[in-house]
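Report on the structure given below.
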Amino acid sequence: MCEFHQLYLGQEGYIVVCKNCGCFQLCYGRLVLDLSKHDFGILHILIKKHLNEEYDYPDEELKQIIIPTPHSGVNLLLSMTELRQFDEILQEAENELDALSLLSLFQN
1 MCEFHQLYLG
11 QEGYIVVCKN
21 CGCFQLCYGR
31 LVLDLSKHDF
41 GILHILIKKH
51 LNEEYDYPDE
61 ELKQIIIPTP
71 HSGVNLLLSM
81 TELRQFDEIL
91 QEAENELDAL
101 SLLSLFQN
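Under the numbering used here, residue 108 is the last one in the sequence shown; the count climbs by one each step, no gaps.
Structure, rendered in structure tokens:
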């Protein structure tokens, strides 16, 4: 049975990780995804890749960016503003995960 640790919680959603199996649950907007640690990392890489590429989006609020997920037929449809926000959320969760990893080194 999963025992979740909160990595991020905000108005936009949440990210938790199971202390036992290491799987992630990510809620953003109206979407909830269950991800492996590997898939969580890949998703953040894809988000960063889109942020670093030069796109000319005339309207930053228009949902026009499609990000694939590891689940067949499930993609994120985001505006540029949402993409930036999602990146910040993922980064906060990764920072919390790094902090937990460091703490576990000292507890063992």
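Ideal Cβ positions, reconstructed from N, Cα and C, are used throughout, including at glycine. Only a predicted model underlies this, so the values are computations on that prediction, with no experimental measurement involved.
Would a C-beta distance cut-off of 7 Å place residue i and residue j closer than the cut-off?
{"i": "ASP87", "j": "ILE47", "result": "yes"}
{"i": "TYR8", "j": "GLU92", "result": "yes"}
{"i": "ILE66", "j": "ASN75", "result": "yes"}
{"i": "GLU96", "j": "THR81", "result": "no"}
Exposed or buried, which one is residue i when buried takes at least 16 other CB atoms within 10 Å?
{"i": "LEU78", "result": "buried"}
{"i": "LEU43", "result": "buried"}
{"i": "LEU83", "result": "buried"}
{"i": "VAL32", "result": "exposed"}
CA-CA distance, residue i and residue j?
{"i": "GLN25", "j": "TYR57", "result": "30 Å"}
{"i": "ASP34", "j": "GLY13", "result": "14 Å"}
{"i": "HIS50", "j": "LEU105", "result": "34 Å"}
{"i": "PRO70", "j": "TYR55", "result": "24 Å"}
{"i": "GLN11", "j": "PHE40", "result": "20 Å"}
{"i": "ILE15", "j": "GLN107", "result": "24 Å"}
Looking only at its own chain, which residues have a Cβ that is under 7 Å from the Cβ of residue i, when we skip the five neighbours before and after it?
{"i": "ASN52", "result": "none"}
Leaving aside the five residues before and after residue i along the sequence, list all residues of the same chain whose C-beta is less than 6 Å from its C-beta, in chain order.
{"i": "GLN19", "result": "It should be pointed out that residue 19 corresponds to Lys in this sequence rather than to Gln. Closer than 6 Å at Cβ, skipping near neighbours: GLU3 and HIS5."}
I'd like the span of the alpha helix (DSSP H) that includes residue i, first residue to last.
{"i": "HIS38", "result": "37 to 52"}
{"i": "GLN110", "result": "Outside the displayed span of the chain (1 to 108) sits residue 110, for which this structure offers no information."}
For residue i, which residues in the same chain have their Cβ closer than 8 Å to its Cβ, ignoring the five residues on either side in sequence?
{"i": "GLN85", "result": "GLU12"}
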